[in-house]
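Trainee: Below is a structure I'd like to ask you about.
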Amino acid sequence: MSKKTIFIAFVVSLGGFLFGFDAGIISGVMEFAGPKFNLSEAQTGWAVSAPSFAAMFAMLFSGRISDIVGRKKMLLLVAFLYALSALLSAYANSYHMLWIARMIGGVAFGAALILAPVYIAEVSTAKSRGKLVSIQQLNIVLGFFAAFLCNNYLNGLNSGGSTFFNDETVWRWMLGIELVPAISYLVLLLFVPESPRWLFAQQRTEEAEKVLKSLHSEQVADQEISTIKQAIDSEKNKEKVAVTEIFKPALRYIITVGLVIGVLQQITGINAIYFYATSIFKQTGIGTDAAFTSGVLLSFTTVVFTIVAMFLIDKMGRRPLLLLGIGGIAISLLVCAYGFKQATYQLTASKIEKIEGVTAAQLQDVVDVTYYNDVDFKNAMKAALGNQEYTKREGDILEMAIDMNATMVLVGILGFIACFAFSLGPVMWVMLSELYPNKYRGLAIGFIGFVNSFASWLVQQVFPWELSNLGNSVSFMIFGVIASIGFFILLKILPETKGKTLEELERDLVKA
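The working numbering numbers the first residue of the sequence shown as 873 and each following residue consecutively.
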């Protein structure tokens, strides 16, 4: 594994960093943009989930388009769209402009999440492929970490009474700062070569061989050249791939495996946690400032365990990591559900006095009333204060009212994040880059990515409604039950792909 290969893998997967940054930053942005635009649960869900909605379609078509125009050109377009989205989001003067700008970013990260693992798999050897493709996930979690650090820092400036950073401007800085890594990504991509496997497929043999020899030793490059040529020669007489071909019986098994992993990665609630992290931590009553700080701890945990996965994925294997992780995810989510179930809510006159901007007269109907679930308490508060005012003060109100074991929920959330970070996070993209034959890879990963992004969009769109109407405990219980079911499905169907070339995997997994 040469330094140049590592550099290229890191640069290409910077699109993942920007995805992570966008996903992390929005959890802080909505604490200010939500009240500013007086958004309903549905509007909040759409503002947050709009990028995932756009990403669905980008994932469906980007792989196929890159098969035609090349991986590098598509990646350059991705970087440009990221920069455009950041600029427009920062200047959004309405709810509609905000979600439209974010949809542009969604097109970018949808394409990036598909193209990066495909490209990296195509420049890697079997021995190093797992680690190199995992760099994509590492960049995603580094993006989350950077976003939560920025959110925490900017929120601190806002809370500290800065005249420059206030509730009207701080969220714009949170969104606009993404322009810096987006432009850096665009510049660095200029130093990345085209995929050698794509060049071979376009019969640009001399260019492809030159790229491989610049990436690997002479011996390794010759082996890769021979293997790729054999695979392409065997496909020469085959007709062009139609979309319907990925559903043919020979591919049914690997498409099923990909679909199960792709759906589980999102439907267990990972993006609900990331995209609404600040809001979720506020539900435990730790306060708004502490909620921003807890987001930093969450993202740091993700970074640590993603690095753990990178060291283990080519040693321990894909199957053990996924099974261990999904089991831990199920347990952690059920712990969160139990923690929220034990919570009670009560506001006394003395506690109300400590809430800035709220008077005892406004809350006279709820003083000293004990609520045994968060839904009833929040509905009572919204009836007394109005939706916009409650949303703006929610962190302070919950901090005063709630009685619960916040540590239990924090441990459950961090446990979930840790287990996800060394399993479903990185392993899914590694396996998707490995499972499918070269002929079908772009199309198959695009289809799985579409389903994955649809599940992500659905979870993000519904989650605010879930919290508002079902409550914290039931919402986490639903995720925990889904993860438990997923564990037993993967136990039955999941193959091991460690240490095999893409061509060997094709022979083993595709049923002729």
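Here a beta-carbon is modelled for each residue, glycine too, at the ideal position from N, C-alpha and C. Quantities reported herein were computed from a predicted structural model and do not represent experimental measurements.
Grouping DSSP H, G and I as helix and E and B as strand, with all else coil, what is Q1214?
Mentor: Position 342 of the sequence shown holds residue 1214. Q1214 falls in the coil class under three-state DSSP.
Trainee: Excluding the 5 residues preceding and the 5 following F929 in the sequence, name in chain order all residues of the same chain whose CB lies nearer than 6 Å to its CB.
Mentor: Here the question's residue 929 lines up with position 57 in the sequence shown. Answer for F929: no residue qualifies.
Trainee: For the alpha helix (DSSP H) containing L1123, list its first residue and its last residue.
Mentor: As a first step, residue 1123 must be located in the sequence shown, where it is residue number 251. Run containing L1123: none; DSSP gives neither H nor E here.
Trainee: Thinking C-alpha only, which one of I976, R974, Q1008 and K999 is nearest L987?
Mentor: On the sequence shown, position 115 is the one that residue 987 refers to. Considering only I976, R974, Q1008 and K999, the residue with the shortest C-alpha distance to L987 is Q1008.
Trainee: If I measure Cβ to Cβ from I1179 and keep anything under 8 Å in the same chain, skipping five residues before and after, which residues do I get?
Mentor: In the sequence shown, residue 1179 corresponds to position 307, counting from 1. Hits under 8 Å: L1010.
Trainee: Would you mind giving the Cβ-Cβ distance between A1221 and M1349, rounded to the nearest angstrom? I have them listed as a contact below 8 Å.
Mentor: Here residue 1221 refers to the residue found at position 349 when the sequence shown is read from its first residue. Here residue 1349 refers to the residue found at position 477 when the sequence shown is read from its first residue. Wrong, their Cβ atoms sit about 34 Å apart, outside the cutoff.
Trainee: Would you kindly work out how many angstroms separate the C-alpha atoms of G1189 and D1248, rounded to a whole number?
Mentor: Walking along the sequence shown from the start, residue 1189 turns up at place 317. Walking along the sequence shown from the start, residue 1248 turns up at place 376. The straight-line gap from Cα to Cα measures roughly 47 Å.
Trainee: Would V979 pass as a contact of L949 if the rule is Cβ separation under 7 Å?
Mentor: Counting from 1 along the sequence shown, the entry for residue 979 is found at position 107. Counting from 1 along the sequence shown, the entry for residue 949 is found at position 77. The answer is no: Cβ separation not under 7 Å.
Trainee: Tell me whether the stretch 1312 to 1322 and the stretch 1161 to 1168 touch, counting them as touching only if at least three CB pairs, one residue from each stretch, are closer than 8 Å.
Mentor: Remark: fewer than three beta-carbon pairs, one from each stretch, lie closer than 8 Å, so the stretch 1312 to 1322 and the stretch 1161 to 1168 are not flagged as touching.
Trainee: Measuring straight from C-alpha to C-alpha, what distance separates S912 and G1321?
Mentor: Taking the sequence shown and counting its residues from 1, one reaches residue 912 at position 40. Taking the sequence shown and counting its residues from 1, one reaches residue 1321 at position 449. The C-alpha of G1321 is placed about 29 Å away from the C-alpha of S912.
Trainee: Near E994, which residues of its chain fall below 6 Å by C-beta distance, leaving aside the five closest residues on each side in sequence?
Mentor: The count along the sequence shown starts at 1 and reaches residue 994 at position 122. Contacts found: S1067 and R1069.
Trainee: Within the stretch 922 to 979, note down every full alpha helix (DSSP H) run reaching 4 residues or more, in order along the chain.
Mentor: 943 to 962
Trainee: From which residue to which residue does the alpha helix (DSSP H) around L1084 run?
Mentor: Mapped onto the sequence shown, residue 1084 falls at position 212. Where L1084 is concerned, the enclosing alpha helix (DSSP H) stretches over T1077 to L1087.
Trainee: Is A1232 close to chain B? Criterion is C-beta to C-beta, closer than 7 Å.
Mentor: Annotation note: the requested chain B is absent from the structure, which comprises a single protein chain.
Trainee: Whether or not the stretch 1019 to 1027 and the stretch 1035 to 1047 are in contact is what I'm after, with contact meaning three or more pairs of Cβ atoms, one per stretch, closer than 8 Å; do they touch?
Mentor: yes
Trainee: Which whole runs of the beta strand (DSSP E) in the stretch 1243 to 1324 are 3 residues long or more, in chain order?
Mentor: Those beta strand (DSSP E) runs which fall completely within the stretch 1243 to 1324 and span 3+ residues do not exist here.
Trainee: Could you work out which residue in F1351, L985, I937 and S961 is closest to I1203 when comparing CA atoms only?
Mentor: The residue labelled residue 1203 in the question sits at position 331 within the sequence shown. Minimum Cα distance to I1203 is reached at F1351.
Trainee: For the alpha helix (DSSP H) that contains L1058, what are its first and last residues?
Mentor: In the sequence shown, counting from the first residue as 1, residue 1058 sits at position 186. Looking at the DSSP string, the run of the alpha helix (DSSP H) that includes L1058 is L1051 to L1061.
Trainee: Give a yes or no on contact between the stretch 918 to 934 and the stretch 969 to 978, applying the rule of three or more CB pairs nearer than 8 Å.
Mentor: yes
Trainee: Can you list, in chain order, the residues of its chain with a C-beta nearer than 7 Å to that of F891? Leave out the 5 residues immediately preceding and following it.
Mentor: The count along the sequence shown starts at 1 and reaches residue 891 at position 19. Same-chain partners within the cutoff: F981, A984, L985, I1012 and G1015.
Trainee: Using beta-carbon positions only, say whether A1149 and L1170 come within less than 7 Å of one another.
Mentor: As a first step, residue 1149 must be located in the sequence shown, where it is residue number 277. As a first step, residue 1170 must be located in the sequence shown, where it is residue number 298. Going by C-beta atoms, A1149 is nearer than 7 Å to L1170.
Trainee: Assuming L1401 contacts L1196 (C-beta within less than 8 Å), just tell me the rounded distance between them.
Mentor: Because residue 1401 is not part of the residues shown, which for the chain are 873 to 1384, the question remains open.
Trainee: For I1104, which of G900, K908 and P1309 has the nearest alpha-carbon?
Mentor: The count along the sequence shown starts at 1 and reaches residue 1104 at position 232. Looking at the Cα atoms, P1309 is the closest of the given residues.
Trainee: Straight-line CA distance for W918 to T1140?
Mentor: The sequence position of residue 918 within the sequence shown is 46, counting from 1. The sequence position of residue 1140 within the sequence shown is 268, counting from 1. Distance between the alpha carbons of W918 and T1140 is about 19 Å.
Trainee: Mapping DSSP to helix, strand and coil, what is L890?
Mentor: Residue mapping note: residue 890 aligns to position 18 of the sequence shown, counting from 1. Helix, per DSSP.
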